[in-house]
Amino acid sequence: ANSVVSPCRYLLYVSGDFVKVYSVNTEETLRLIGGHADLVTGIQLNPHNHMQLYSCSLDGTIKLWDFMDGIPIKTFTVGTKLLALYTLASAEDSVFVVIPKKGERDTFQLVSVKLTKGVGQDLEGKELSVVLDGVGSSMKHIAFGREGAYVVSVKDVNLQVYFFKRKLLNRFSLSTVKTKGGDNRFSCVVCHPKEDCIATGHADGKIRLWRNFHHKKEYTYSTLHWHHDIVMDLAFTMEGTRLLSGGVESVLVQWHNESSCQKDFLPRLGSPIEYISMASDGVLCCTLHTDNRISIINSNLRFSRSIQGLIKSRDVKTGLVVDPRTKALVLNGEPGHLQFYSLQSDQQLFSLDIVQRQYIHQAGLKQSDLVKVAFSARGTWLATVEESEEVTDPELQLKLWLYNEEIQSFELNTRINTPHDNHITDMCFRDMDELGDDSLILVTTGRDCVFKVWVMVEDTDPEAQQSVSWSCDFVGSYHNYQATNCCFSEDGSLLAVSFEETVTVWDSLTWDLKCTFCHPPGNIRNICFGRLTCSKYLIGATDYGFLCCWNLLTCALEWSAHLNVVVLQPDPLSEHIAAVSWLSKESSLFVFKPNEPWPIYIQRNLCKEKILLAAFVPRDEPEIASSGKYLWLRKSQLFFLTDTQELMTLSTTSLEERLTPSSKQLAVEESLPVTPFSLLLGKHRRQQAQEDTDPGKLVVHNKQEQASPAVKELLHTPAHVLPSASFLCTIFINSLLISKENKSAEEVADEVEMESEKAEDDSDEEDVTAMEQEDTSHMELLGEMTCNLSKSQEKELRKIRKMDYSWISAL
Amino acid sequence: MAAYKPVVVQACPKLGERITQDTLYWRGYKTPVQIKEFGAINKIDFSPVPPYNYAVTASSRIHIYGRYSQEPIKTFSRFRDAAYCATYRDDGRLLVAGSEDGSICLFDVSGKAPLRQFEGHTKPVHLVGFLSDKYRVFSGGDDYSSNLWDIPSATEIISYSEHTDYVRCGCASKVNADVFITGSYDHTAKLFDARTKSSVMTIEHGHPVESVLLFPSGGLLVSAGGRYVKVWDVLKGGQLLVSLKNHHKTVTCLCLNSSGQRLLSGSLDRQVKIYSTTSYKVVHSFNYATSILSLALSPEDETIVVGMTNGVLNVKHRKPEEKIENSQKKRQPAYRTYVKGRTYMPKQEDFCVSKPVKRVLRKYDKLLRSFQSSKALDAVMEPPIMLHTPEVTVAVMQELHRRGTLRSALAGRDEKQVNLLLTFVARRVIEPRFTPVLVTVADMITDIYQPVVGQSAVVDKQFLKLQQAIGKEIDYQEELLEVLGMMDTLFATFTKKRDTCLEDNKSNGVTEIIETNRNY
């Protein structure tokens, strides 16, 4: 993904198949531009019109967008994969793209595409002329020089400069002899915007500034060296006075002058910098990081803000956990951090620092990272386990965090060094809603063949800083087998711990061993208790490919199935259990109830990747319109994480249906005036005008009718775009005044309309009723008739559109 | 963007004894003075008037010591045989003592010869004391009798022979001049009223009573005997309030501190325990070299005197209270400098420029932030840090190890610094909280400085010290493992028994259920 900052304070960035428009001022994602069928590989602003954007994609098309409105203007079909895109102000009707060379693998060429000026949206862009051959596939390997006079391409240790006017190609190459500092291959290239100067970054951390490259022999270069590892990207400021560079150190370096080695640093940006992009007015600069984050940086090298999606960490060791408080998905984030990721808004809510140590980006260091996370039932307690990456003698820490209402975050309560002698394999809290937090019990299982029970201890000493702390209460073991999983029954009375091949069931009051189950051969991979009506069952999956269900009352095997279960996930709100199997390179999903040996839902070939983790996330409100097949998804939604770090969900509705609400909302936004401010202003003026002309009933009606949306707007608009409070005050007070009239039906209807437009998941029936109400109410008042009619017409049109969609999906 | 995170120094909770007000108070004594007496010391009594001399009864002599004197300032040695229980009168002018031959002698503190001699006991008298009216003396002897004597006439007023064994201890009530208590080896303590012919109250202690004590209010009675110290409510007719079992040998003496808030008990197990009289919990304890026979505390708790079975008198004086240092403080900026501008409310059109909060970093953190490993290690190798906060040094070492730069930080040091490092490692490597880190540090130091071993005597000595420390620790661990093994066998036998019991119970339960079912 790369990014472009447009001068009017919009940040455009690529996210998968989409381009997102982000407002730097309001810190909100304004628009999602989608239309490409494959990954978008490059975006560039149209040099002749700054409100237009070129984008190219792997699907072989170049599209020209009006990004303010999200409307595609033109589509040029090239036909081959497009890997990078460049635009030039001097080349008026052509753009440059990198395409793979026909017939040869792994060789790429830079071609210019003539954009024909035809009528209509879809055009052919087949007029290709090769500019350079044998270029790198990355966007960073090609740069265009001052005013488009030349183009520079780097690959391995070779640098080529092609002068358009003179049709001259100069090649330079560095010595291939590996120096002490490592290899000196090129990693990126940029050109000075005002002078004939090329800056190149190298894999050994050096930056070279090339001059006099018009001559084949008398070229010169100077070296800047600070980075200890590969220079990931370079960027010149608008005037070319300063050079920015970034790499794996996650430090943004600003070089002032090539002769003096004066430089500024912006350290600790969080993760390695992949791309650096300057705004066209030079006020802002943004850096893209490897962990799916964009940092926006001021021109004086001050960190301003960041846009954070779901952080891709190398290995999600913690599993997918749902925070009971925020319903956010919790998993490994930045190294040593826990990210709380909101599924509704696709945003990171916050990142909790667990390890609390300075992270040093250096290869070969043994970093300690988070491996286990557990929440108590109400989300007041959080237990985390961190360990260093050493295999034999891991440095373990168990930390318990208490949620502090005042600071709205978790605070460290207890830290236990080396809770186990070997890796901790599983951890769970005893969830007992009715008993409160006093009876909380934490169980950890370890490879040191024991499981430990941790309880809260009240400190009676009044001088102690905190009233509760945790300490070990019981250590259990079974025949010196490694403990692998643990699980509490729903009422908290039983604890199941699996020791290699055996599942042991313990009484949680006396810690006596009650009974054991096993299904040899094969170690137990997952265990869970049934819930609600099925609470007498214990489900276990073995790595020998069996799914077993034991009855706890008879202590006998109820049923077993031959299934290679990778993930076993019970739904916390119903008795359903989801099992994901991995067989012959495809994952399949089975949903079943423990009391019946046959699944109620099977989805074969869910995806090609191996699914590693799954989580049920409770829905805010149960879904009503779900068909019988998806009845088990009513209360909660199922999310998967694959081994390629992709988060997936199982949706009850088809893709078209899900897209409609969002497009509907987009349409609503389009119909709105530009800013809420002008909306308010307009209303205010209109009101005044009406008050001046015709006093009486009508005015009162009008005022009330418009006041409530006005207040809504007032409350939902970011504070910094609102006019001053003294100005808004009168409108606000007016809107709060109770009129002598009763609430008219009209107003109610209007409110319904507002809500139906706002809500995303509205069904068609509701729309119809809203419209009917509207129609009847409009009979009473003729003044607003024309305006409303157009609205209802629009609605009808939209409805027709929707019906069309459903018809297609039915096909 | 994250700020630099300082090194986390792991605070380790102090294990073992908790520091309380009591421990601080009772620790405030100087190192004891030891005085050798001729025999076992059976009684120590402080004069109730200044200068608080104390009488020590040992063998056939009574020595009177001044507050700070190591030599007796006076000696009464007119006993043919062993003397017992020299006790001061309330005004501190008379002293009474029993003796092996059954006679009781009354001395003037300033005189030498006895003023009075009370003859009547046929066996040794181990207990004598003044009643609080100052004119009568009570006594208890090995002839099972407790007598009351009149001082002016030197005659016996009354004799009670209710005990059935030796009477060895007793005390008089400070509130009522007629009441005194005697404790006997017949496992009872009896309360006598001089106005009646027989004892008023009998308390069953359950063990031979070695010492009794009445609280100044007269309401509570403490008795010691066997391993128990028991507290009785006299006003409720001798009800047992609490039974304390904190010693593991016979408790021989009791004593209250001057405020009456703490109770001290000395025992043959060489310990003095101090209890709070509100909670009856042990708040502190002293250890002594040999078994304790007698114990006394001077008014204002200035001196603790303990007498041992081997005739050693152990005297501890309280340290003079440290003078509060009122050294001139560094002149600080005036108050108005702090409040200047704090109350200013910004107007609507004002721009607020917030000053970033300055974060104060420790020196080693600053150096670590700029990746100067060697200097960071230097910063935590300063003696004050190494001595008082070793956890900081270890935390920085751990951080360096995590960064992979510990080896280079340790290398290239001169003799003095290596000496300093090795001293630290040898001293702290056996502390469990530091062991994992310091073992790697020690490994690295030996690796790095192996080629130069033998060039410096100082460093070589430190290496040997380190070796010794580790060898000792290994021996210690081996022993611990042995003990653990022994305990495991013990526990194993215990659990087996319990299991069988449980099974019995279970079967019983089942049969019961069956029976109840039949009944239905």
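So the sequences go chain by chain: U and V.
27 is the number of the first residue of the first sequence in the working numbering; add one for each residue after it.
140 is the number of the first residue of the second sequence in the working numbering; add one for each residue after it.
In this text, a Cβ means the ideal position worked out from N, Cα and C, and glycines have one as well.
Identify the residues that DSSP records as bridge partners of residue 331(U): which are they?
322(U)
Buried versus exposed, by CB contacts within 10 Å (16 or more), residue 537(U):
exposed
Cβ distance (whole Å) where residue 63(U) is taken to contact residue 85(U) below 8 Å
4 Å
Applying the 10 Å Cβ sphere with the 16-neighbour rule, what's the burial state of residue 600(U)?
buried
Please confirm if residue 395(U) has its CB atom under 9 Å from at least one CB of chain V.
no
Would you say residue 575(V) reaches chain U, if we count a Cβ-Cβ gap shorter than 9 Å as a contact?
yes
Answer yes or no: does any C-beta atom of chain V fall closer than 9 Å to that of residue 324(U)?
no
Which value, in whole angstroms, describes the spacing of the CA atoms of residue 472(U) and residue 593(U)?
20 Å
Specify the secondary structure class of residue 384(U) as computed by DSSP and reduced to three states.
coil
From 126(U), 573(U), 120(U), 96(U), residue whose alpha carbon lies closest to that of residue 106(U)
126(U)
If we call anything under 9 Å between Cβ atoms a contact, is residue 514(U) one with residue 529(U)?
no
Alpha helix (DSSP H) segment containing residue 755(U), residue limits:
751 to 762
I'd like to know if residue 384(U) contacts chain V, where contact means its C-beta is closer than 9 Å to some C-beta of that chain.
yes
How big is the Cα-Cα spacing for residue 606(V) and residue 565(V)?
8 Å
Proximity test, Cβ basis, 9 Å: residue 447(U) and chain V:
no
Three or more C-beta pairs under 8 Å: does that hold for the segment 347 to 355 of chain V against the segment 385 to 394 of chain V?
yes
Taking 9 Å as the CB-CB limit, is residue 507(V) close to chain U?
yes
Apply the 10 Å Cβ neighbour rule to residue 474(V) and answer buried if 16 or more other Cβ atoms are within range, or exposed otherwise.
exposed
Same chain only: Cβ atoms within 8 Å of residue 562(U), ignoring 5 sequence neighbours per side:
556, 577, 578, 579
Determine the burial state of residue 809(U): buried for a count of at least 16 other Cβ atoms within 10 Å of its Cβ, exposed for fewer.
Low confidence applies here, because residue 809(U) scores a pLDDT of 38, under 50, leaving its location unreliable; read the following figure in that light. With fewer than 16 Cβ atoms within 10 Å of its Cβ, residue 809(U) is classed as exposed.
Output the distance between the C-alpha atoms of residue 476(U) and residue 447(U), rounded to the nearest integer angstrom.
9 Å
Is there at least one Cβ from chain V nearer than 9 Å to residue 231(U)'s Cβ?
no
So, is the C-beta of residue 439(V) closer than 9 Å to a C-beta in chain U?
no
Taking Cβ-Cβ distances shorter than 7 Å, what residues in chain U pair up with residue 95(V)?
Lying before the first or after the last residue shown, residue 95(V) is absent from chain V, which here runs from 140 to 659.
Give the residues from the segment 282 to 313 of chain U that approach chain V closer than 9 Å (Cβ to any Cβ), ordered along the chain.
292, 293, 294, 295, 296
I need the straight-line Cα distance from residue 308(V) to residue 623(V), nearest angstrom please.
44 Å
Can you list, in chain order, the residues of its chain whose CB lies under 6 Å from that of residue 143(V), leaving out five sequence neighbours each side?
508
Residue 150(V) beta carbon less than 9 Å from that of residue 179(V)
no
Beta carbon of residue 163(U) nearer than 9 Å to that of residue 134(U):
yes
Note down, in chain order, all residues in the segment 269 to 291 of chain V with a beta-carbon under 7 Å from any beta-carbon belonging to chain U.
none
Tell me whether residue 248(U) is buried or exposed, calling it buried when 16 or more other Cβ atoms sit within 10 Å of its Cβ.
exposed
Could you give the C-beta distance for residue 362(V) and residue 342(V), rounded to a whole number, given that I count them as a contact under 8 Å?
7 Å
For residue 265(U), which of 329(U), 230(U), 306(U), 238(U) has the nearest alpha-carbon?
306(U)
Which listed residue (520(U), 541(U), 493(U), 659(U)) has its alpha carbon closest to that of residue 504(U)
541(U)
For the candidate residues 333(U), 232(U), 246(U), whose alpha-carbon lies nearest to that of residue 222(U)?
246(U)
Quick one: grab the DSSP three-state call for residue 542(V).
helix
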